[in-house]
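Number 713 in this note's numbering belongs to position 259 of the sequence shown; there are no gaps in the numbering.
Ideal Cβ placement from N, Cα and C applies to all residues, glycine included.
Shown next, in structure tokens, is the structure this report addresses.
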Amino acid sequence: MENLLFDHYKNNNLDLNNRIVMAPLTRSRSDNPEHKATEITARYYQQRATAGLMITEGTVISPEAVGVVNVPGIYSPAQIDGWKLTTEAVHKEGGKIFVQLWHTGAYSHPDLHDGKKPLAPSDVNPQQQVFTAKGFQPSQEPQPMTAEDIKRTVNDFKQAALNAFEAGFDGVELHGANGYLLQQFFSKNSNLRTDEYGGSVENRARILFEILDAIKEVADIRKVGIRFNPSLNGIMGILVDDETIELYNYIVSRLNDYDLAYIHLIEPFTDVSDNAHAVQEVAKHFRKIYKGTIIINRGFTKETAAKVLQDGDADLVSFGVPFIANPDLVERFRTDAPLNQPDEATFYTPGEKGYTDYPALNN
């Protein structure tokens with residue numbers, strides 16, 4: 455079987471050296487007062503710049519968007535300057551990098567918001583453990599967003615995109631997956647609204663298209679991607695329901711009108727084979743609907759990634775955890791070299807240990 459993983463990928467929106475994508479991975483290294491990316495952030499991404507495309511860790515669009523301690527933002531001048539270190543380092547290596555724009559919504563805690571409740575579509579507690587400065591604490595009932603809150607959030611995404619391009623990123627990815635704010639709007643069990651943002655499929659998807667239209671006013675929409683997890687079920691307070699497939703079919707079909715960089719899809723986190731309302735094979739399902747570039751993610755190996763590309767169900771494959779421990783993952787795949795094993799105890803701890811100190815093959 456021909457392995458397309460190492461092939462150049464080029465269309466009107468992307469020009470990548472290979473089809474291997476580094477997936478967004480929260481690493482909680484921005485443990486500084488400005489919540490900015492730093493020199494070690496730049497080194498981390500520079501080490502991995504042989505990926506065809508890198509997508510940064512979730513990067514919050516405003517102080518209201520925070521749901522995890524020590525994550526970077528992209529809403530202040532200091533944060534823009536901090537990210538410039540990364541984009542310059544990556545471009546020096548000939549790499550491409552998008553920033554993932556993140557709002558966690560209900561997945562947060564008052565300790566991360568000066569004692570205020572986090573904002574979300576409705577007052578539905580996701581029943582999660584939230585990583586705060588005091589360690590993990592249980593999530594609480596969030597504050598339902600007003601129409602003005604939503605308008606401000608749409609503008610925050612727009613400004614964050616502008617800031618990203620000022621920082622030198624090649625594009626932005628909207629985080630519409632894994633139970634965070636946008637998926638909270640999409641899901642019937644976390645969106646109980648009765649206004650224009652709740653109820654029908656079109657209403658629950660409305661905020662996404664308002665964000666895209668806002669970004670389109672000020673930036674090149676061909677440099678925007680979106681991440682979705684359509685079959686997320688029982689995690690982060692999100693449940694698959696009788697309108698889930700209809701909702702994502704509507705969203706993805708309508709996205710054909712936007713000429714995006716890509717959509718980034720995640721295969722099911724859990725076994726949904728007995729759930730008639732869940733998409734079983736996400737890439738295969740949406741390949742029939744979406745005309746643009748599809749990135750697929752979820753536990754791929756070199757061999758299974760080669761197969762999904764060969765089958766034509768996706769154009770690019772993203773890898774998460776393997777990139778943590780293997781800065782030269784592309785070369786290891788190319789040469790069938792053994793992979794370093796990641797140290798899970800250092801996934802979210804400050805400093806260089808478990809971050810920039812994994813050896814490359816030539817070390």
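Candidates the options, of which the one nearest residue i by Cα
i           : options            : result
residue 678 : 529, 461, 551      : 551
residue 820 : 508, 547, 814, 553 : Here the chain comprises residues numbered 455 to 817, so residue 820 is not present and cannot be evaluated.
residue 597 : 605, 794, 570      : 570
residue 546 : 525, 582, 497      : 497
residue 760 : 753, 771, 752      : 771
residue 681 : 594, 636, 699      : 636
residue 513 : 481, 505, 502      : 481
residue 732 : 633, 686, 757      : 686
residue 620 : 539, 585, 568, 564 : 539
residue 586 : 737, 567, 663, 776 : 567
residue 558 : 777, 625, 483, 525 : 525
residue 695 : 478, 640, 754      : 640
residue 507 : 684, 773, 688, 723 : 773
residue 690 : 804, 474, 562, 664 : 562
residue 470 : 492, 479, 708, 503 : 503
residue 521 : 735, 560, 652      : 560
residue 633 : 788, 692, 516, 643 : 692
residue 660 : 675, 605, 688      : 605
residue 790 : 764, 595, 763, 755 : 755
residue 666 : 742, 614, 638      : 614
residue 622 : 643, 544, 707, 663 : 544
Buried versus exposed, by CB contacts within 10 Å (16 or more), residue i
i           : result
residue 730 : exposed
residue 672 : exposed
residue 612 : buried
residue 462 : exposed
residue 490 : buried
residue 630 : buried
residue 542 : exposed
residue 815 : exposed
residue 649 : exposed
residue 510 : buried
residue 627 : buried
residue 592 : exposed
residue 590 : exposed
residue 721 : buried
residue 600 : exposed
residue 464 : exposed
residue 857 : Because residue 857 is not part of the residues shown, which for the chain are 455 to 817, the question remains open.
residue 799 : exposed
residue 602 : exposed
residue 782 : buried
residue 769 : buried
residue 518 : buried
residue 827 : Residue numbering for the chain in the displayed model covers 455 to 817; residue 827 lies beyond these limits and cannot be assessed.
residue 472 : buried
residue 624 : buried
residue 654 : exposed
residue 583 : exposed
residue 684 : buried
residue 807 : exposed
residue 698 : buried
residue 484 : buried
residue 549 : buried
residue 780 : buried
Beta-bridge partners of residue i, as assigned by DSSP
i           : result
residue 627 : 554, 679
residue 573 : 597
residue 469 : 464
residue 513 : 555
residue 591 : 584
residue 719 : 682, 750
residue 475 : 507, 772
residue 692 : 689
residue 548 : Residue 548 is not bridged to any residue.
residue 527 : 514
**OP:** Would you check if there are 3 or more beta carbon pairs closer than 8 Å linking the region 706 to 725 to the region 741 to 748?
**Re:** Under the 8 Å Cβ criterion, the region 706 to 725 counts as touching the region 741 to 748, having at least three qualifying pairs.
**OP:** Assess, as a yes-or-no matter, whether the region 577 to 592 is touched by the region 602 to 609 under the definition of 3 or more beta carbon pairs within less than 8 Å.
**Re:** Using a C-beta cut-off of 8 Å, the region 602 to 609 makes no contact with the region 577 to 592, since fewer than three inter-stretch Cβ pairs fall below that distance.
Original post:
What runs of the alpha helix (DSSP H), each 4 residues or longer, lie entirely inside the region 721 to 792?
Top reply: Counting only runs of 4 or more, we get 736 to 741, 756 to 764, 775 to 779, 783 to 789.
Subject >> Three or more C-beta pairs below 8 Å linking the region 513 to 532 and the region 792 to 801 >> reply: Touching, no, given that fewer than three Cβ pairs across the two stretches are closer than 8 Å.
**OP:** Decide yes or no for the touch test of the region 641 to 648 against the region 662 to 670: beta carbon pairs closer than 8 Å, at least 3 of them.
**Re:** With a cut-off of 8 Å, the region 662 to 670 and the region 641 to 648 do not count as touching, because too few Cβ pairs lie within range.
Original post:
Would you call the region 749 to 768 and the region 698 to 710 touching, i.e. three or more CB-CB distances under 8 Å?
Top reply: Output reads no: the region 698 to 710 does not touch the region 749 to 768.
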